[in-house]
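Residue numbers (the working numbering), protein chains in the order written: chain A, 55 to 561; chain B, 2 to 510. Glycine is no exception: its CB is placed at the ideal position from the N, C-alpha and C atoms. Inspection log for the structure reproduced underneath, given as structure tokens.
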Amino acid sequence: MKKYLMRKIIIPERPWMWMMALVLMLLAGFAIRMYDLTNPPLDFAPTRQLFSALKARGMYYQYVTDVPAWQRDAAISLGDVGNIEPPVLETIVSQTYRLTGEHLWIARIYSSLFWVLGGLALFLLIREFASSGAAIIGTLIYLFVPYGVIASRTFMPDPLMVALIVFSVWTLFRWQNTSKWKWAILFGICSGLAIFVKNVAAFIVVGAFVGVILGSRGLKRSLRDPQFWVMVVLLVLPVAVYTINGIVTGLLAGQLALRFFPRMWLDPAFYFSWQNLMSNATGFGVWVAGIVGVFLADKRRERPLLLGLWIGYIALGFTFPYHFTTHDYYHLPLIPIAALSLAPLVKIVFERFFDRNPGLFPRLVLVVLVLFGVAVQSWYARARLASADYRSEAPFWAAIGDKLEHNASVIGLTQDYGYRLAYWGWLGSSSWYTSADISVRYLAGQNIDFAKQFAEDTAGKQYFLVTMFGEFENQPVIKDLLYSHYPIYAQTDEYIIFDLQHSLSQP
Amino acid sequence: MSGKKNFMENEVSPKLFSKPWLMAALVAVLFIGALGIRLVDLTDLPNDFYMVRQYRSLLIARGMYYAHLPTAPELKREIAVAQWQEQGLIEPPVMESLVALTYHFIGEQIWVGRVYASLFWLVSGLAIWLLAKELSMWEGGIIALAYFLFLPFGVTASRAFMPDSLMTALIAWSLWALYRWETRRTWKSAILAGVLTGLAILVKSVAVFPLLGAAAGLVLSRRSLKRMITDKQTWAVAGITALPTVIFYIYGLFIVGTLESQFALRFFPALLKDPTFYGRWLFIAAGIVSFAAMFLSLAGILLFRTNAPRFLLVGTWFGYVVFGFAFPYHFITHEYYHLPLIPIVAIGLIPVADLLVRQIARQKGWLWRAVFAGLLLFAVAMKMWEARNTLVTSDYRHEIAYWQELGQTIGYDKKIVELSGDYGDRLAYFGWVSGLLWPTTADVAVRTLAGQTQSDFASIFADRTSGKDLFVVTTPPEWENQPELREYLTANYPLIAQGDGYWIFNLKP
Numbered sequence: 055m056k057k058y059l060m061r062k063i064i065i066p067e068r069p070w071m072w073m074m075a076l077v078l079m080l081l082a083g084f085a086i087r088m089y090d091l092t093n094p095p096l097d098f099a100p101t102r103q104l105f106s107a108l109k110a111r112g113m114y115y116q117y118v119t120d121v122p123a124w125q126r127d128a129a130i131s132l133g134d135v136g137n138i139e140p141p142v143l144e145t146i147v148s149q150t151y152r153l154t155g156e157h158l159w160i161a162r163i164y165s166s167l168f169w170v171l172g173g174l175a176l177f178l179l180i181r182e183f184a185s186s187g188a189a190i191i192g193t194l195i196y197l198f199v200p201y202g203v204i205a206s207r208t209f210m211p212d213p214l215m216v217a218l219i220v221f222s223v224w225t226l227f228r229w230q231n232t233s234k235w236k237w238a239i240l241f242g243i244c245s246g247l248a249i250f251v252k253n254v255a256a257f258i259v260v261g262a263f264v265g266v267i268l269g270s271r272g273l274k275r276s277l278r279d280p281q282f283w284v285m286v287v288l289l290v291l292p293v294a295v296y297t298i299n300g301i302v303t304g305l306l307a308g309q310l311a312l313r314f315f316p317r318m319w320l321d322p323a324f325y326f327s328w329q330n331l332m333s334n335a336t337g338f339g340v341w342v343a344g345i346v347g348v349f350l351a352d353k354r355r356e357r358p359l360l361l362g363l364w365i366g367y368i369a370l371g372f373t374f375p376y377h378f379t380t381h382d383y384y385h386l387p388l389i390p391i392a393a394l395s396l397a398p399l400v401k402i403v404f405e406r407f408f409d410r411n412p413g414l415f416p417r418l419v420l421v422v423l424v425l426f427g428v429a430v431q432s433w434y435a436r437a438r439l440a441s442a443d444y445r446s447e448a449p450f451w452a453a454i455g456d457k458l459e460h461n462a463s464v465i466g467l468t469q470d471y472g473y474r475l476a477y478w479g480w481l482g483s484s485s486w487y488t489s490a491d492i493s494v495r496y497l498a499g500q501n502i503d504f505a506k507q508f509a510e511d512t513a514g515k516q517y518f519l520v521t522m523f524g525e526f527e528n529q530p531v532i533k534d535l536l537y538s539h540y541p542i543y544a545q546t547d548e549y550i551i552f553d554l555q556h557s558l559s560q561p
Numbered sequence: 002m003s004g005k006k007n008f009m010e011n012e013v014s015p016k017l018f019s020k021p022w023l024m025a026a027l028v029a030v031l032f033i034g035a036l037g038i039r040l041v042d043l044t045d046l047p048n049d050f051y052m053v054r055q056y057r058s059l060l061i062a063r064g065m066y067y068a069h070l071p072t073a074p075e076l077k078r079e080i081a082v083a084q085w086q087e088q089g090l091i092e093p094p095v096m097e098s099l100v101a102l103t104y105h106f107i108g109e110q111i112w113v114g115r116v117y118a119s120l121f122w123l124v125s126g127l128a129i130w131l132l133a134k135e136l137s138m139w140e141g142g143i144i145a146l147a148y149f150l151f152l153p154f155g156v157t158a159s160r161a162f163m164p165d166s167l168m169t170a171l172i173a174w175s176l177w178a179l180y181r182w183e184t185r186r187t188w189k190s191a192i193l194a195g196v197l198t199g200l201a202i203l204v205k206s207v208a209v210f211p212l213l214g215a216a217a218g219l220v221l222s223r224r225s226l227k228r229m230i231t232d233k234q235t236w237a238v239a240g241i242t243a244l245p246t247v248i249f250y251i252y253g254l255f256i257v258g259t260l261e262s263q264f265a266l267r268f269f270p271a272l273l274k275d276p277t278f279y280g281r282w283l284f285i286a287a288g289i290v291s292f293a294a295m296f297l298s299l300a301g302i303l304l305f306r307t308n309a310p311r312f313l314l315v316g317t318w319f320g321y322v323v324f325g326f327a328f329p330y331h332f333i334t335h336e337y338y339h340l341p342l343i344p345i346v347a348i349g350l351i352p353v354a355d356l357l358v359r360q361i362a363r364q365k366g367w368l369w370r371a372v373f374a375g376l377l378l379f380a381v382a383m384k385m386w387e388a389r390n391t392l393v394t395s396d397y398r399h400e401i402a403y404w405q406e407l408g409q410t411i412g413y414d415k416k417i418v419e420l421s422g423d424y425g426d427r428l429a430y431f432g433w434v435s436g437l438l439w440p441t442t443a444d445v446a447v448r449t450l451a452g453q454t455q456s457d458f459a460s461i462f463a464d465r466t467s468g469k470d471l472f473v474v475t476t477p478p479e480w481e482n483q484p485e486l487r488e489y490l491t492a493n494y495p496l497i498a499q500g501d502g503y504w505i506f507n508l509k510p
């Protein structure tokens, strides 16, 4: 029956047609990500994006000689924002700044490019996994799902990480099917790089690897296979070196704090929130159909890989329950996982479709339908991108920075932990707790004595800057403390600066 | 050829559940869940979904009830009946009559309409499943059924006291009956199709669009002009379908004469030239039925085995599109105008779901079936949770006392002009006070869109307030949006009462 389907039912394989479709998809996927390119990156996880922006600027200014000394020093100092992951993207961007000058949108181009290249790997993977038709659908989902469009153009390591995960899975599948050294080494490199870029990728790539080893290759056989050991070493090596170095030098201190909240596992709301964010990332229908696809996949060839990916993703959620339900970008790897998992289902639907509709017209209808779907998704993404213009942020923060002469000692209740002030206002600040910070500390069993904490945090500070008025209202103790004991140094509709050095009375 | 033979054989062989009671149990769980989620927050006021339309039905039902309630105080009966009569005739008050009748047994309860609407929707789920059975895809139909019953927008909309739930139910049953007639071609099935289709259109006339499209699609699927024209059953179905609505329109237009106003401010051809109209249409429709489901459903059309269901579904889609062109303004401002799309999409999902279920049924062992059932119930649970969260977000019960007090403050015998955000419905229903409405900015906008010119403020004011005792404002946003009215009232008439969100001016100081 398979031969019959291949010969008679499925569209005759015309490599140039698939190639053309792939190129068009990738180009369109890249183009939609270039929309509103120069808008500041505050549309998605702004704190994380500004973190990278500050870091990249700090790296760049080490090479800049034609700026005032204070500015160079400030850039380098403000760029020292700590370490979460190796600054791979930041390094690439800062080196590009040396050629083009500092432009925040350069990171957007790199991230988009990485994501779109991941689309290439996904297409090749699904084509081998299921069929060319399924590869088209899977790649279109990966490239045009609105959440993915927005999240994949951010100045964060995640788009690169996801792209490397996709490359890892593709090379792993190739290795599974060919047992060639080339694919073993490529998997080791890609997966090692993915984990190096952002270590949470380990859950997904290790999950896929374990799935293939246990379900497809066999554990005994694998343990005797030198290719297996080379893959393991390459997978572990980069992140092991980075982590050991980080521990020895103390660069990674504090990264494991406030991350693990097993108590949340017992709360049903955790699972509903998780589900909501999955639906937000791919759409409810897509991920549910993806799970169905796992059960339709070939038992030995396809299913182990898919199960490994899903188990890895689920393990990631259980390990970081708080982040999984508060940071939607933790679900980015779900997009390629769901797109790949859909492939067996799409393959079956297409087989049936071509069986029942052998003529050209129904195929044209199908093509129009798919194009219509892509157009709608792109329109959604475009509408979301166009919904906000953040260009006024830069002058606003620059004005505050000027007012405080870029050297004042400031604590603030300001957006993104003071990163906006740091980036556009060229002024560092320490940040007072937001409601979310307080919640996460309560969740971790910590209690905050506000008056005491306020005294400690404001000691030696000159100003308390408030730009988040909602937060200010939510913290009446602090609001009352500031208004009753400190004079206002400057105030507009958009900010209040309290003078902490000339208190009206002792707090 | 052998490959083809195998493929076709596979279409009828596997069964998802070897024991029929398992399938019955799964369906029963779906229906019980669907009813349960619709009964969440049952006694809350119907402010969560197009409250103007729901309070209109409540006023009609109460008026009908009080008209035949001998124990009701005379004043209340007079007011209730008057408020009923003030509601223009839009469609036959089928739901309202049913609810009024129920009031006679259990007393006036605001949630009765909600229960009936929910039950109608549930029963239409049965029609979708039976249609899947007619298509020999009944096991796949269970997914379409789950989609239809648990789509979050559907959950919210289907418990509203409006004719739309009943209309959607009758659309689903009509589609089932029309398809059944096409496959059986008996006089009994033809009459059933005609009766159900006629009832659907009678309950709400806009049902004509998808149903006419479906019927036309089925007739066209015969691909013989001669058969189409000479078929007596086709003419009989057309006649039976048209009869109730024709009678109702003759009654409404020529006997009562109030139906004419319903044709005003409905057709806005200028919108059809605006590209954003189509974008908004698409966004609203996809937002309601979910984009993935819409896409799969459209693809599903090409997965049916025969032409009849394909043409039926293409016809309903065509009818839905024509419906949008006929009522462009309502299509992008009234989400519930898209309700007929839910059964249409659900039916399109049947062949896709059937394909999936067949693949699962081919697997050996019980694990697959258990996983399928588990996944289905998990998806249903997630959607129920989403719907539940929407339903319990707000509690409107406290409003009753507010409107009752306002009604007392105004006085039941006063003649008033009202600037209201809900066409005065809550004041009428809970406060027992009705008045002439002062146009809101939205009213003015829609009239402007229709090309109507507005009279000057002074003449409108003089016209509306003539013979009235009080001017009552119950909408702070509109009060802000109409500075001319605000200044004029404040300057010329004494403010005799003011409270949280209302202002009362004495027009006869």
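query = For F98 (chain A), does the three-state DSSP call read helix, strand or coil?
reply = coil
request  = With D547 (chain A) as the anchor, note down where its beta strand (DSSP E) starts and where it stops.
outcome  = First-last for D547 (chain A): undefined, no H or E at that position.
query = Which stretch, first to last residue, makes up the alpha helix (DSSP H) that contains E135 (chain B)?
reply = 113-135
key: CB contact below 7 Å: V340 (chain A) versus chain B   = Cβ-Cβ to chain B under 7 Å: yes for V340 (chain A).
query = Touching or not, the stretch 168-181 of chain A and the stretch 208-223 of chain A, by the rule of three or more beta carbon pairs under 8 Å?
reply = yes
Sequence-distant residues of the same chain with beta carbon closer than 7 Å to N334 (chain A), five excluded per side = Y201, D382
query = the stretch 278-292 of chain B: which residues have C-beta closer than 9 Å to a C-beta of chain A, in chain order?
reply = Within the stretch 278-292 of chain B, the residues whose Cβ lies closer than 9 Å to some Cβ of chain A are G280, L283, F284, A287, S291, F292, listed in chain order.
message = Just verifying my parser: in three-state terms, what is the DSSP assignment at L268 (chain A)?
response = helix
Pairwise C-alpha distance: A294 (chain A) and Y115 (chain A) = 30 Å
message = Going by DSSP in three states, W504 (chain B) sits in which element: helix, strand or coil?
response = strand
ask   = Listing by chain order, which chain B residues have their CB less than 7 Å from the CB of R406 (chain A)?
value = L304, L356
Within chain A, partners of V353 (chain B) - CB distance below 8 Å = V403
query = From the DSSP output, which residues share a beta bridge with G187 (chain A)?
reply = Per DSSP, none; premise fails for G187 (chain A).
ask   = Which residue comes first and which comes last in the beta strand (DSSP E) that contains V209 (chain B)?
value = Per DSSP, V209 (chain B) belongs to no beta strand (DSSP E); it is in the alpha helix (DSSP H), 209-222.
query = Less than 7 Å separating the beta-carbons of L486 (chain B) and R465 (chain B)?
reply = no
query = Looking at the unbroken alpha helix (DSSP H) that takes in G371 (chain A), where does it start and where does it end?
reply = 357-373
ask   = So Y577 (chain A) is in the alpha helix (DSSP H); what residue range does that whole segment cover?
value = Residue 577 (chain A) cannot be examined here, being either before or after the span of chain A that is shown, 55 to 561.
query = Would F210 (chain B) count as contacting chain A if we go by Cβ distances under 7 Å?
reply = no
query = Does the distance from the CB of Y397 (chain B) to the CB of A158 (chain B) come in under 7 Å?
reply = Y397 (chain B) places its beta carbon 7 Å or farther from that of A158 (chain B).
task = Compute the distance between the beta-carbons of I61 (chain B) and Q86 (chain B), then report whether it is under 7 Å.
result = No, the pair does not count as a contact, with Cβ atoms beyond the cut-off.
query = Which of helix, strand or coil does DSSP assign to A451 (chain B)?
reply = coil
query = Between the C-alpha atoms of W22 (chain B) and L46 (chain B), what's the straight-line distance to the nearest angstrom?
reply = 39 Å
message = Within 7 Å of any Cβ in chain A, is that where the Cβ of V372 (chain B) sits?
response = yes
request  = Can you grab the Cα-Cα spacing for the pair A68 (chain B) / G114 (chain B), in whole Å?
outcome  = Rounded to whole angstroms, A68 (chain B) to G114 (chain B) spans 18 Å at the Cα level.
inquiry  = Relative to the C-alpha of Y517 (chain A), which candidate in A:F504, A:Y543, A:E527, A:A505 has its C-alpha closest?
reply    = A:Y543
ask   = Beta-carbon of K6 (chain B) versus every beta-carbon of chain A: anything under 7 Å?
value = With a pLDDT of 39 at K6 (chain B), under the threshold of 50, the predicted position of this residue should be treated as unreliable, and no value is reported.
key: Assigned exposure category for E97 (chain B) - 16 Cβ within 10 Å defines buried   = buried
task = Write down the C-beta distance between V223 (chain A) and A262 (chain A) rounded to the nearest angstrom, noting that I regard them as a contact closer than 8 Å.
result = 5 Å
message = Please report the straight-line C-alpha distance between R355 (chain A) and S270 (chain A), rounded to a whole angstrom.
response = 6 Å
message = Can you give me the C-alpha to C-alpha distance between F8 (chain B) and V254 (chain A), rounded to a whole angstrom?
response = Residue placement at F8 (chain B) is flagged as unreliable, the pLDDT there being 39, under the threshold of 50; a coordinate-derived value is accordingly withheld.
task = Note down the Cα distance separating W103 (chain B) from L203 (chain B), rounded to an integer number of angstroms.
result = The sequence shown places Thr at residue 103 (chain B), rather than the Trp named in the question. One Cα belongs to T103 (chain B), the other to L203 (chain B), and the distance between them is close to 22 Å.
request  = Could you please give the first and the last residue of the uninterrupted beta strand (DSSP E) stretch that includes F472 (chain B)?
outcome  = 471-474
request  = In angstroms with no decimal places, state the Cα-to-Cα distance between K515 (chain A) and W486 (chain A).
outcome  = If you draw a straight line from the Cα of K515 (chain A) to the Cα of W486 (chain A), it comes to about 12 Å.
request  = Could you check what DSSP says for I465 (chain A) in three-state terms: helix, strand or coil?
outcome  = DSSP places I465 (chain A) in strand when its eight states are reduced to three.
task = Just grab the DSSP bridge partners of A392 (chain A) for me.
result = Paired residues: none, contrary to the question.
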